[in-house]
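Student: Please read through the structure below; I'll follow up with questions.
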Amino acid sequence: MTASVTAGGKPRSAIPVLRVGDTLLVTVQIELHDAVADAFQEDLLVTIEKTGARGLIIDITGLDMVDSYVARVLADTGRMARLMGTDTVLVGMRPEVAATLVRMGYGMEGVRTALNVDEGLGLLHTLQG
Amino acid sequence: MTTQVMAQRELQIRCEDDIVLVRQAVRVMAQQLGFDAFATAAVTTAASELARNVWTHAGGGSALLEEIRLAGRRGVRMHFRDQGPGIADLGRALAGGFSTARSLGLGLSGSKRLVDEFNVESTVGKGTVVVVAKWARFSSTTG
Numbered sequence: 001m002t003a004s005v006t007a008g009g010k011p012r013s014a015i016p017v018l019r020v021g022d023t024l025l026v027t028v029q030i031e032l033h034d035a036v037a038d039a040f041q042e043d044l045l046v047t048i049e050k051t052g053a054r055g056l057i058i059d060i061t062g063l064d065m066v067d068s069y070v071a072r073v074l075a076d077t078g079r080m081a082r083l084m085g086t087d088t089v090l091v092g093m094r095p096e097v098a099a100t101l102v103r104m105g106y107g108m109e110g111v112r113t114a115l116n117v118d119e120g121l122g123l124l125h126t127l128q129g
Numbered sequence: 001m002t003t004q005v006m007a008q009r010e011l012q013i014r015c016e017d018d019i020v021l022v023r024q025a026v027r028v029m030a031q032q033l034g035f036d037a038f039a040t041a042a043v044t045t046a047a048s049e050l051a052r053n054v055w056t057h058a059g060g061g062s063a064l065l066e067e068i069r070l071a072g073r074r075g076v077r078m079h080f081r082d083q084g085p086g087i088a089d090l091g092r093a094l095a096g097g098f099s100t101a102r103s104l105g106l107g108l109s110g111s112k113r114l115v116d117e118f119n120v121e122s123t124v125g126k127g128t129v130v131v132v133a134k135w136a137r138f139s140s141t142t143g
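If you read the sequences in order, they're chains L and Y.
Under the numbering used here, the first residue of the first sequence is numbered 1, with each subsequent residue one higher.
Under the numbering used here, the first residue of the second sequence is numbered 1, with each subsequent residue one higher.
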């Protein structure tokens with residue numbers, strides 16, 4: 001179950017990261033499945049280090065399904081960024097995704113959320129005073 | 001009245017990417033049957049959890065997807081089979097928060113809450129079969 005990854009300094013997860021001021025904006029549109037998940041987290045953490053970003057917004061408007069695995073990947077990514085000193089806000093969760101996660105018993109406690117990117121940026125500014 | 005099987009499709013779960021294929025097939029089936037966004041997300045997520053269980057706990061198995069009909073209602077039924085180690089304490093596994101593998105331990109208990117019918121049979125040393133069904137909400141425009 002091991003996959004060898006040739007990094008070569010190039011992003012491996014193919015999930016675009018946009019820099020807006022001192023905030024990174026990540027838009028997850030592809031299926032964040034197993035092989036991609038670790039690379040996604042690692043690429044993101046390296047980008048945080050390189051850019052010195054103080055905030056991270058993860059936009060999941062494009063995901064119509066978030067299972068417990070993907071939910072954990074997203075929550076863990078926020079925890080990892082937090083350890084580095086960067087606040088994370090998860091934005092754009094669709095109604096059916098929110099309903100499904102809570103019904104499964106996974107409310108993603110401890111994860112900061114906002115309705116959309118604008119609200120997320122506002123929340124980050126409040127947090128960072 | 002018995003449940004009629006209108007169509008079926010079997011998918012093998014031999015690698016992690018197969019989990020994605022299973023849930024994509026389930027999503028298409030649910031949409032074709034007129035499931036709304038909530039029911040589609042629920043059944044697709046349940047499929048993902050159960051397919052992942054097959055992969056994580058048994059190293060592989062199969063998913064049989066069926067389009068079913070009963071008294072004018074349409075639904076999706078899914079059979080997940082593996083020949084893995086089986087589940088010794090089914091009660092505890094269904095209560096949730098229980099897992100030996102790298103997951104949240106929500107696979108069985110979580111998917112149970114997302115479907116209308118749920119049945120699991122497991123024999124230690126032989127394997128596990130999980131059968132779940134989800135019905136489209138009754139609507140005059142479908143069926």
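Built from N, CA and C at the ideal position, the CB exists for glycine as well.
These numbers come from a predicted model, not from an experiment.
(1) Could you please give the first and the last residue of the uninterrupted beta strand (DSSP E) stretch that includes Ile-57 of chain L?
(2) Can you tell me the Cβ-Cβ gap for Ile-57 of chain L and Leu-32 of chain L, rounded? I've got them flagged as a contact below 8 Å.
(3) Is there contact between the segment 73 to 85 of chain L and the segment 51 to 58 of chain Y, where contact requires at least three CB pairs shorter than 8 Å?
(4) Leaving out five residues on either side along the sequence, give the residues of the same chain with a beta carbon under 6 Å from the beta carbon of Leu-123 of chain L.
(5) Considering only residues of the same chain and omitting the five flanking positions on each side of Leu-104 of chain Y, which have a CB-CB separation below 7 Å?
(6) Can a CB atom of chain Y be found closer than 8 Å to the CB of Met-65 of chain L?
(7) Between the segment 65 to 79 of chain Y and the segment 1 to 12 of chain Y, do at least 3 Cβ pairs fall closer than 8 Å?
(8) Do we get a CB-CB distance below 8 Å when we pair Leu-114 of chain Y with the residues of chain L?
(9) Compare the C-beta of Thr-45 of chain Y with all C-beta atoms of chain L and state if any pair is closer than 8 Å.
(10) Tell me whether the beta-carbon of Asp-59 of chain L lies closer than 8 Å to the beta-carbon of Gly-21 of chain L.
(11) Who are Val-26 of chain L's beta bridge partners in DSSP?
(12) In this structure, how does DSSP classify Arg-82 of chain L when only helix, strand and coil are distinguished?
(13) Taking only the alpha-carbon atoms, compute the straight-line gap between Gly-60 of chain Y and Ala-41 of chain Y and give it to the nearest angstrom.
(14) Whether or not the segment 114 to 126 of chain Y and the segment 82 to 90 of chain Y are in contact is what I'm after, with contact meaning three or more pairs of Cβ atoms, one per stretch, closer than 8 Å; do they touch?
(15) Kindly list the residues whose CB is nearer than 6 Å to the CB of Arg-112 of chain L, restricted to its own chain and excluding five residues on each side of it in sequence; keep chain order.
(16) Any idea what DSSP makes of Ile-19 of chain Y, helix, strand or coil?
(17) Using the rule of at least 16 other Cβ atoms within 10 Å of the residue's Cβ for burial, across every protein chain shown, is Thr-56 of chain Y buried or exposed?
(18) What does DSSP give as the partner residue(s) for Gln-4 of chain Y in the beta ladder?
(19) Do Thr-45 of chain Y and Thr-61 of chain L have their C-beta atoms within less than 8 Å of each other?
Tutor: Judging by the given coordinates:
(1) 55 to 59
(2) Not a contact, Cβ separation roughly 16 Å.
(3) no
(4) Once the five neighbours on either side are set aside, the close Cβ partners of Leu-123 of chain L are Val-89 and Ala-114.
(5) Here Leu-104 of chain Y scores only 44 on pLDDT, less than 50, and its place in the model is too uncertain to base an answer on.
(6) Yes, Met-65 of chain L lies at the interface with chain Y (some Cβ there is under 8 Å from its Cβ).
(7) Touching, yes, given that three or more Cβ pairs across the two stretches are closer than 8 Å.
(8) Taking Cβ atoms only, chain L reaches closer than 8 Å to Leu-114 of chain Y, which makes this a yes.
(9) yes
(10) no
(11) Val-26 of chain L pairs with L:Val-17 and L:Ile-58.
(12) helix
(13) 24 Å
(14) yes
(15) Val-89
(16) helix
(17) Around the Cβ of Thr-56 of chain Y, a 10 Å sphere holds 16 or more other Cβ atoms; the residue is buried.
(18) BP columns for Gln-4 of chain Y point to Y:Arg-69.
(19) no
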